[in-house]
Amino acid sequence: MSLNLTLILQVISFLILMFILTKVFYRPLLNFLDQRAQYVKDEIEKAEKERAKAEGEFKQAQENLRETQKQVLEWKDFAKKEIEEGRKGFLQRVKKEKEQILDEAKEGINREIVKTRGELKKEASSISLAIAEKILKREINEKDKARLVKEGIEKISN
Numbered sequence: 001m002s003l004n005l006t007l008i009l010q011v012i013s014f015l016i017l018m019f020i021l022t023k024v025f026y027r028p029l030l031n032f033l034d035q036r037a038q039y040v041k042d043e044i045e046k047a048e049k050e051r052a053k054a055e056g057e058f059k060q061a062q063e064n065l066r067e068t069q070k071q072v073l074e075w076k077d078f079a080k081k082e083i084e085e086g087r088k089g090f091l092q093r094v095k096k097e098k099e100q101i102l103d104e105a106k107e108g109i110n111r112e113i114v115k116t117r118g119e120l121k122k123e124a125s126s127i128s129l130a131i132a133e134k135i136l137k138r139e140i141n142e143k144d145k146a147r148l149v150k151e152g153i154e155k156i157s158n
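For reference, each letter of the sequence shown is one residue, going 1 to 158 in our numbering.
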């Protein structure tokens, strides 16, 4: 019986030890491991959400960059058009000013020609009268002067 009693005591001691180990060490250890596993799981989920958020922000940044590049190209094209229109407008203004200056110069030349012709007609009539007086050796009256001037002007004009 001693063997049996020893065996029973050993089994009882073993069961008590198992109970104590389970209550004191095993369950807190399992609780700690469960908490740790839950913490790791939560951190992984959080990291996945952050990664998804970062990918979304990255895609948005890429879209913003494409939009900005598109706007820059549009502004560049607009600026080219504006410069070209400005250049054309400037050339048109310069052309108009050139034409205006040429027209003014032509008008001035025409005025000078008319003025010079008038002066030449007066001078020619005076010279004609002087020549006629010398040829006739007499004084020409006003009526004859007017007729001779008129004839001289007609000859010069033609």
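All C-beta atoms, glycine included, are put in the ideal place defined by N, C-alpha and C.
If you're wondering where the values come from, they're calculated on a predicted model, not measured in any experiment.
Query raised in the report: Nearest-angstrom Cα distance between E50 and L9?
Result: Each residue's Cα considered, the two are about 58 Å apart.
Requested in this report: Decide yes or no for the touch test of the stretch 116-125 against the stretch 141-156: beta carbon pairs closer than 8 Å, at least 3 of them.
Outcome: Result yes; three or more Cβ-Cβ pairs closer than 8 Å.
Query raised in the report: For G152, is the classification buried or exposed, using 16 other Cβ atoms within 10 angstroms of its Cβ as the cut-off for buried?
Result: So G152 counts as buried.
Query raised in the report: Hey, would you say K160 sits closer than 8 Å to L129, going by beta carbons?
Result: Given a span of 1 to 158 for the chain in the structure shown, any question on residue 160 remains unanswerable.
Query raised in the report: Using the C-alpha atoms, what's the distance from A105 back to E85?
Result: Their backbone Cα atoms lie some 30 Å apart in a straight line.
Requested in this report: For N141, collect the residues of the same chain with a Cβ closer than 6 Å to its Cβ; drop the 5 residues on either side in sequence, then sort them by chain order.
Outcome: Excluding residues within five positions, none has a Cβ falling inside 6 Å.
Query - Alpha-carbon to alpha-carbon, E67 and E99 - result: Going by the C-alpha atoms only, they are around 47 Å apart.
**Report entry** Alpha-carbon spacing of I101 relative to R87, whole angstroms
**Finding:** Their Cα atoms are separated by approximately 21 Å.
Query raised in the report: Just how far apart, CA to CA, sit L7 and I16?
Result: Approximately 14 Å between the Cα atoms of the pair.
Query raised in the report: With 16 as the cutoff for other CB atoms within 10 Å, does S126 come out buried or exposed?
Result: Per the 10 Å Cβ criterion, exposed.
Requested in this report: State the Cα-Cα distance for the pair L5 and F14, rounded to the nearest angstrom.
Outcome: Between L5 and F14, the C-alpha separation is close to 14 Å.
Requested in this report: Give the secondary structure of N110 by DSSP, where H, G and I count as helix, E and B as strand, and everything else as coil.
Outcome: Judged by DSSP in its simplified three-state form, N110 adopts helix.
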